[in-house]
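>
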Amino acid sequence: MHLGSIRTCAAIAAALAFLPATAIAAPITVAEFTFAAGEEAFADEALVTSGVVTGATAEQVQSTLVGSNLGDSIRVITPDVAVIEIAFSDNAIVNGPGTDLVIFELSGSKPAVGFADVNERFEVSVLDGPDFSNFVEVVPVNTGFLAPHDDSLSVYVVEIDLTSFGFPAGQVTNRVQIRLVDHLASRSADPTALGALNSVPEPGTGLLLSVGLLVLSARRRRPRTPQIVSPSLRER
Ligand SMILES: [Ca+2]
Ligand SMILES: [Ca+2]
């Protein structure tokens, strides 16, 4: 085997040796739900696709719904309504056992754990193949945990099992839409985060990227004399 090839293989082997330690995140527990994939399990992008989120810029909608932090929430107030599309880009939600996705919502404290607040109901749609499903109404349930930055608010959750959207076991999705309506004529539900309990890494990120960069790095180091690259090769 050529010396350069040996070096390339050694570089890849070294990468694979350390990647498991960096690629496998520490689990995160949020209001008694443990996300084995850690921060990766949570939503990565959020975009208002129709209507208006009351009092929030596009950047605020994005920063509020992305990641595991429950410190802020969004809402609509009549006459506003809004559809928000949430994307998972470094992971996908897979239909595994039981609940696959948890949507966290913040509402005024209620004494009873398990209290389902119908006034905070909203609608959820999931991307199924090329199309989004019909919207399904969901009702947040009190976990009994208080919001980390405001103990006048409780953490409520909606647990989504993709089976209820007709997904067979193992089918994945990486996009969800939520539709917010103000049912109380005062404010709608207040979603704050979305996390995949059953999460799989998105192919093409993480491991593949790291190995690819190392192969490129090894190849770039190989020449010991300057090379002339023809314009035609550059353009390929
Ligand atoms: Ca993610
Ligand atoms: Ca499931």
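Here the sequence shown stands for residues -3 to 232, numbered as in the working numbering. The beta carbon of each residue, even a glycine, is placed where N, CA and C say it ideally should be.
Is D186 closer than 7 angstroms to T74 when the C-beta atoms are compared?
no
> Classify P126 as buried or exposed, calling it buried when 16 or more other Cβ atoms lie within 10 Å of its own Cβ.
exposed
> Is it right to say V98 is buried, meaning 16 or more other beta carbons lie within 10 angstroms of its own, or is it exposed?
buried
> Is F100 a contact residue of ligand 1, with contact defined as CB to any heavy atom under 6 angstroms?
At a threshold of 6 angstroms, F100 does not count as near ligand 1, since its beta carbon sits no closer than that to any of the ligand's heavy atoms.
> For ligand 2, is there any heavy atom lying closer than 6 angstroms to the beta carbon of D251?
In the structure as shown, the chain starts at -3 and stops at 232, and residue 251 therefore has no counterpart that could be examined.
> Quick one: grab the DSSP three-state call for G162.
coil
> Flag this pair as touching only if the segment 84 to 95 and the segment 192 to 199 have three or more C-beta atom pairs under 8 angstroms; answer yes or no.
Touching, per the Cβ criterion.
> Would V109 and N91 be called neighbours here (beta carbons separated by less than 7 angstroms)?
no
> Give the single residue among S103, N130 and S160 whose Cα lies nearest to the Cα of P136.
S103
> Based on the DSSP secondary-structure assignment, which residues constitute the bridge partners of R183?
According to DSSP, R183 bridges with nothing at all.
> Leaving out five residues before and five after N115 in sequence, what residues of the same chain have Cβ atoms less than 7 angstroms from its Cβ?
H179 and L180
> Please classify Q167: does DSSP put it in a helix, a strand, or coil?
DSSP places Q167 in the coil class of the three-state scheme, outside both helix and strand.
> Considering only DSSP beta bridges, list what Q56 is partnered with.
None; Q56 has no bridge partner.
> Using CA atoms only, rank isn't needed, just tell me which of V134, D96 and V122 is closest to A112.
The shortest C-alpha separation from A112 is found at V134.
> Mind checking who E155 pairs with in its DSSP beta bridge?
V98
> Out of I174, T169, G191 and L190, which one is the CA nearest neighbour of P199?
T169
> Can you give me the Cβ contacts of S69 inside the same chain, cut-off strictly under 8 angstroms, excluding the 5 residues immediately before and after it?
Excluding sequence neighbours, S69 sits near T60, E101, L102, D186, P187 and T188.
> Verify whether the separation of the beta carbon atoms of I80 and A39 is less than 7 angstroms.
no
> Over the uninterrupted beta strand (DSSP E) stretch that includes P197, give me the two end residues.
S195 to P197
> Tell me which residue opens and which closes the beta strand (DSSP E) that N87 is part of.
N87 to V90
> What do you reckon, is the C-beta of E198 under 6 angstroms from a heavy atom of ligand 1?
no
> Helix, strand or coil: which one does DSSP assign to G34?
helix
> With a 10 Å radius around its C-beta and 16 neighbouring C-beta atoms as the bar for buried, classify G162 as buried or exposed.
exposed
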